[in-house]
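Under the numbering used here, the first residue of the sequence shown is numbered 2, with each subsequent residue one higher.
The beta carbon of each residue, even a glycine, is placed where N, CA and C say it ideally should be.
Every value quoted in this text rests on a predicted model; they were computed, and no experiment measured them.
For reference, the structure is listed below as structure tokens.
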Amino acid sequence: MRCSDGLSVSRELRKESERIQISHALFYSLANIPEVMKTRLQLQGELMKTSDAPKVYANVFDVFKKTWRNEGIKGLQRGLTPAVSRYL
């Protein structure tokens with residue numbers, strides 16, 4: 002079976018599937034940053050409940066600023082590989 006531009010239907014479906022996978026990867030790379038910040042704040046709260054751990058972060062913006070300054074993009078994208086690999 003052929004499409005209007007001469008490509009087979011299976012090639013068109015494959016191309017569409019690749020586009021969807023790329024869009025999922027881009028989405029998770031953007032959505033991962035707030036997840037990392039949220040997780041760090043939650044862990045800080047749990048540590049402060051159970052021990053005398055110091056308060057490192059004041060708020061979400063402080064988490065972003067300190068993580069960016071100390072770890073760069075790698076710190077903000079921790080855990081991205083497992084999140085993206087589920088959809089590839």
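- With a cut-off of 8 Å on Cβ pairs, the segment 73-86 is in contact with the segment 22-30, counting three or more such pairs.
- Distances from the alpha-carbon of K66 to those of K50, P35, E19 put P35 closest.
- The C-alpha of E47 lies about 22 Å from the C-alpha of E72.
- A residue is called buried once 16 or more other Cβ atoms fall within 10 Å of its Cβ, and V64 is buried on that count.
- The alpha-carbon separation between A59 and W69 amounts to approximately 15 Å.
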